[in-house]
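Just below is one structure, and these are the notes that go with it.
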Amino acid sequence: MTFTAQILTLYPDMFPGPLGTSLAGKALEQGKWTCNTVQMRDFATDRHRSVDDTPAGGGAGMVLRADILGQAVDHALAQQPDAPVIAMTPRGKPLTQRRVRELSAGLGVTILCGRFEGFDERIFEGRDIEEVSIGDYVLSGGEMGALVLLDACIRLLPGVMGASCSGDDESFETGLLEYPQYTRPVEWEGRIIPEVLRSGDHAKVEAWRKAKAEADTRLRRPDLWERHGGASNPPPSGARRTNKED
Ligand code: ADE
């Protein structure tokens, strides 16, 4: 099965962009995923091919028109009726590894990339669209967000990462940050790889990693630690953890 990414954008040249290289690029060549872009401007109706207009109520910038977006989304749905439609916007629900895992297990995703001041809100009333943010900062458009979302999904597709790393140990998969990693040389600028990691004692290594993951999460990401339930909560698993908030 090929995971199909359908991207509605005013800048189709941005795709596959960086996803045409490295792991995702190889997977694209191998047909493990497909990247289709749709130029939203093709759904404009005037001779200037305009897709946006001034905000109702006044204010800076321009807003993507609901009628144009509606036509573009309907076209995308006709191509791929069963894939979720996601709009990239800083107003959206923050993207999580859990959602990435769900998406990567599906048929694909249709992504609507915003520009300017955003989307006419009525598009979200008139169509089943999930609003997603990749973080609390504002990008100049949704394209970078779409690339981030797709990268996170593609690496989880079967056969993309290889058997060596299923991803299960990584940051967020357990509800915690991942433990720190080291590799040779054993000594660098007087700094030595922790002894336990060189001991060959797998149980001790596991215990050390768990303790580090917990300590680092508590210090760096108190929000994650809180959600994890602190030390009182046995670590979750199975794409794998049930977050209390979800
Ligand atoms: N478009 C602009 N900013 C964004 C963000 N933070 N996440 C997703 N899409 C965006």
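Letter by letter, the sequence shown follows residues 193 to 438 in my numbering.
Backbone N, C-alpha and C define an ideal beta-carbon position, used for all residues, glycine too.
These numbers were taken from a predicted model, which means no experiment stands behind them.
Contact test: residue i Cβ vs ligand 1 heavy atom, cutoff 7 angstroms
i: GLY333; result: yes
i: MET254; result: no
i: MET193; result: no
i: ILE260; result: no
i: THR281; result: yes
i: SER325; result: yes
i: GLY209; result: no
i: GLY337; result: yes
i: VAL330; result: yes
i: GLY284; result: yes
i: GLY306; result: yes
Identity of the residue in the options nearest residue i by Cα
i: ILE303; options: VAL330, THR409, MET336 and LEU348; result: MET336
i: CYS345; options: THR201, ALA407 and LEU220; result: LEU220
i: CYS305; options: GLY298, LEU215, LEU256 and TRP417; result: LEU256
i: VAL378; options: SER391, GLY253, MET193 and GLU309; result: SER391
i: PRO372; options: PRO350, LYS402 and GLY382; result: LYS402
i: ILE315; options: ALA258, ALA216 and ARG383; result: ALA258
i: VAL301; options: ALA407, PHE308, GLU323 and ARG419; result: GLU323
i: ARG319; options: GLY262, ASP312 and THR201; result: GLY262
i: PRO276; options: ARG291, ARG283 and PRO282; result: ARG291
i: LEU295; options: GLY251, THR226 and LEU342; result: LEU342
i: LEU200; options: ASN228, PRO210, GLY209 and THR213; result: ASN228
Residues of its chain near residue i, where Cβ-Cβ distance is below 7 angstroms and the 5 sequence neighbours each way are ignored
i: ILE260; result: MET232, PHE235, ALA236 and VAL243
i: GLY223; result: THR194
i: VAL340; result: ILE326
Residue i - partner residues in DSSP beta bridges
i: ILE199; result: THR229 and ILE303
i: LEU256; result: ASP244 and PHE311
i: ILE384; result: GLU379
6 angstroms Cβ shell around residue i - same chain, five flanking residues per side excluded
i: LEU269; result: none
i: GLU362; result: GLU370
i: ALA279; result: LEU304, ILE321 and GLU323
i: GLY253; result: PHE308 and GLU309
i: ALA431; result: Since pLDDT at ALA431 reaches only 41, below the 50 mark, its modelled position is unreliable, and no value is offered.
Beta-carbon contacts of residue i that lie in its chain and below 8 angstroms, excluding the five residues immediately before and after
i: TRP374; result: Before going further, note that residue 374 is Tyr rather than Trp in the sequence given. Cβ within range, chain order: ILE385, PRO386 and LEU389.
i: ARG413; result: LEU369
- Contained beta strand (DSSP E) runs [length at least 3] in the segment 260-344, N- to C-terminal order: If we require 3 residues or more, the beta strand (DSSP E) runs fully inside the segment 260-344 come out as 277-286, 300-305 and 322-325.
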